[in-house]
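S.K.: So the protein sequences, as listed, match chains Y and V.
The end of the first sequence is residue 127 by the working numbering, with every number in the run present.
The end of the second sequence is residue 127 by the working numbering, with every number in the run present.
Heads up, the beta-carbon is just placed ideally off N, CA and C, and yes, glycines get one too.
This is the structure I want to talk about, given as structure tokens.
2 protein chains.
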Amino acid sequence: MAADGFELQAQLFRALSHPVRLQILNVLARTEACVCHLNAALNRPQPYVSQQLATLREAGLVSDRREGTLIYYRLADGRIAGWLERGRELVKNGDGNPIPFPPAPPEVVPHCPCPHCQR
Amino acid sequence: MAADGFELQAQLFRALSHPVRLQILNVLARTEACVCHLNAALNRPQPYVSQQLATLREAGLVSDRREGTLIYYRLADGRIAGWLERGRELVKNGDGNPIPFPPAPPEVVPHCPCPHCQR
DNA sequence: CGAATACGTGCAATAGTTGGAATATGCAAG
DNA sequence: CTTGCATATTCCAACTATTGCACGTATTCG
């Protein structure tokens, strides 16, 4: 309960200190997505994706919306995407500085059953 | 070696996911400081401060400069302070939203032997 | 040289994170 | 109510971080 600002800010950063969670946020930066979409886009087991989403949700970074059996996730705050993007500029690569960021995954993912991919 | 951008970015966030390290960066955001100054300003044992500084140094967030027996630390990149400041706007406090950030420590700290405080 | 001061490092006990597997829940259709 | 699908939670072993403390290193001064 004695959580001062630094402790809260540290909790936010802890939620961000995981490559798969950053990958998820990278997908959500362009569009909301259901769990099955992230499951297919990241090629990770569904319970694993759900766990990371729970961490992001508890940190207040994403929010969710149910639509039938699907649950769509999106960034909780419009400023998050731009802030993360600016954070990338600060990443250094050991000796040199070029930052090998993988391309964002395609918006339509094969074998994803969600309405957004089935068209 | 198989460190993609997300892994590197996660390492950056991991270095930031600690309240004492955030406190150190908060001091360094206004001025460079020697270890003994941080030691006094944060009221933490010197080896403990050194360890946190080592973590920040390995993450590329701070750089250091020796001057006699003192070692001065500063933010490694001018954009870091502003980016951290903007990150605070995203911190939510459980239910409500007000963010109780402690005030920045004073520039001159009692019992600090560094030239900046002895005047 | 030796002593004093400012920092850094190594170690060990404790605590927290990770990621896979099994299982549980919640909704819709039949 | 049962089945089936989408998603969530729980459990657990391996791994990693935290933090206090003793000791090591580097620089200056006498």
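#1: Using Cβ-Cβ distances below 7 Å, what residues of the region 108-124 of chain V are close to chain Y?
#2: If we define contact as Cβ-Cβ less than 8 Å, is Pro-214(Y) a contact residue for chain V?
#3: Compute the minimum distance between the beta carbon of Ala-67(V) and the heavy atoms of the ligand ZN, and state whether it is under 7 Å.
#4: Could you list the residues in the region 13-42 of chain Y with a C-beta less than 9 Å from some C-beta on chain V, going in chain order?
#5: Might you give, ordered along the chain, the residues of its own chain that have their beta carbon closer than 8 Å to the beta carbon of Gln-60(V), omitting 5 neighbours on each side?
#6: Which residue marks the beginning of the beta strand (DSSP E) containing Val-99(V), and which one marks its end?
#7: My output table needs one value for Ala-49(Y): the three-state DSSP class, helix, strand or coil.
#8: Roughly how many whole angstroms lie between the Cα atoms of Glu-8(Y) and Arg-52(V)?
#9: For Val-99(V), which residues in chain Y fall below 9 Å Cβ to Cβ?
#10: Out of Ala-112(V), Pro-121(V), Leu-92(V), state which residue places its alpha-carbon closest to the alpha-carbon of Ala-18(Y).
#11: Check each candidate in Lys-100(V), Asn-34(V), Ala-89(V) and name the one with the smallest Cα separation from Pro-108(V).
#12: When DSSP builds the beta bridges, which residues end up paired with Arg-29(Y)?
#13: Would you report the Cα separation of Pro-123(V) and Leu-46(V), rounded to the nearest angstrom?
#14: Starting from Val-57(Y), trace the alpha helix (DSSP H) in both directions and tell me its first and last residue.
#15: Anyone know if the C-beta pair for Leu-20(Y) and Leu-83(Y) falls short of 8 Å?
#16: Taking Asp-72(V) as the query, report the chain Y residues whose CB atoms sit under 7 Å from its CB, ordered along the chain.
#17: What residue range is occupied by the uninterrupted alpha helix (DSSP H) comprising Leu-20(V)?
#18: Check whether the Cβ atoms of Ile-88(V) and Leu-69(V) lie closer than 8 Å to each other.
#19: Consider the Cβ of Ile-88(Y): report whether some Cβ of chain V lies at a distance smaller than 8 Å.
#20: Given a cut-off of 8 Å on the beta-carbon distance, is the pair Asp-85(V) and Leu-98(Y) in contact?
M.R.: Reading off the structure:
#1: Residues of the region 108-124 of chain V that bring their beta carbon within less than 7 Å of a beta carbon in chain Y comprise Pro-108, Phe-109, Pro-110, in sequence order.
#2: It is not possible to answer for residue 214(Y), since the shown part of chain Y is limited to 9 through 127.
#3: In the structure on display, the ligand ZN does not appear, and there are no ligands present to speak of.
#4: Per Cβ criterion, the list reads Gly-13, Phe-14, Glu-15, Leu-16, Gln-17, Ala-18, Gln-19, Leu-20, Phe-21, Arg-22, Ala-23, Leu-24, Ser-25, His-26, Pro-27, Val-28, Arg-29, Leu-30, Gln-31, Asn-34.
#5: The sequence position of residue 60(V) within the second sequence is 52, counting from 1. Excluding sequence neighbours, Gln-60(V) sits near His-26, Val-28, Arg-29, Ile-32.
#6: Along the second sequence, read from residue 1 onward, the residue named residue 99(V) stands at position 91. For Val-99(V), no beta strand (DSSP E) run applies, since DSSP gives it neither H nor E.
#7: Against the first sequence, residue 49(Y) aligns to sequence position 41. When secondary structure is reduced to three states using DSSP, Ala-49(Y) falls in the helix class.
#8: Given a span of 9 to 127 for chain Y in the structure shown, any question on residue 8(Y) remains unanswerable.
#9: Within the second sequence, residue 99(V) is the residue found at index 91, counting from 1. Neighbours of Val-99(V) on chain Y, chain order: Gly-13, Leu-16, Gln-17, Gln-19, Leu-20, Gly-68.
#10: Walking along the first sequence from the start, residue 18(Y) turns up at place 10. Comparing Cα positions, the closest option is Leu-92(V).
#11: Start at 1 with the first residue of the second sequence, and residue 108(V) comes out as number 100. Taking the Cα of Pro-108(V) as reference, the smallest distance to any Cα among Lys-100(V), Asn-34(V), Ala-89(V) is reached at Lys-100(V).
#12: As a first step, residue 29(Y) must be located in the first sequence, where it is residue number 21. For Arg-29(Y), which the question treats as bridged, DSSP gives no partner whatsoever.
#13: Here residue 123(V) is taken as the residue at index 115 of the second sequence, counted from 1. Here residue 46(V) is taken as the residue at index 38 of the second sequence, counted from 1. If I take the Cα positions, the gap works out to 13 Å.
#14: To locate residue 57(Y), count along the first sequence from 1; it is residue 49. From DSSP, the alpha helix (DSSP H) with Val-57(Y) extends over 54-66.
#15: Sequence index remark: in the first sequence, residue 20(Y) carries index 12 (1-based). Sequence index remark: in the first sequence, residue 83(Y) carries index 75 (1-based). The beta carbons of Leu-20(Y) and Leu-83(Y) sit no closer together than 8 Å.
#16: Position 64 of the second sequence holds residue 72(V). Neighbours of Asp-72(V) in chain Y, taken as residues at a C-beta separation under 7 Å, are lacking, since the least C-beta distance is about 16 Å.
#17: Numbered from its first residue, the second sequence carries residue 20(V) at position 12. Residues 13-24.
#18: What you label residue 88(V) is simply residue 80 of the second sequence in a count that begins at 1. What you label residue 69(V) is simply residue 61 of the second sequence in a count that begins at 1. A Cβ-Cβ contact shorter than 8 Å links Ile-88(V) with Leu-69(V).
#19: One-based indexing of the first sequence puts residue 88(Y) at position 80. Using beta-carbon distances, Ile-88(Y) counts as an interface residue toward chain V, with a partner under 8 Å.
#20: One-based indexing of the second sequence puts residue 85(V) at position 77. One-based indexing of the first sequence puts residue 98(Y) at position 90. Yes.
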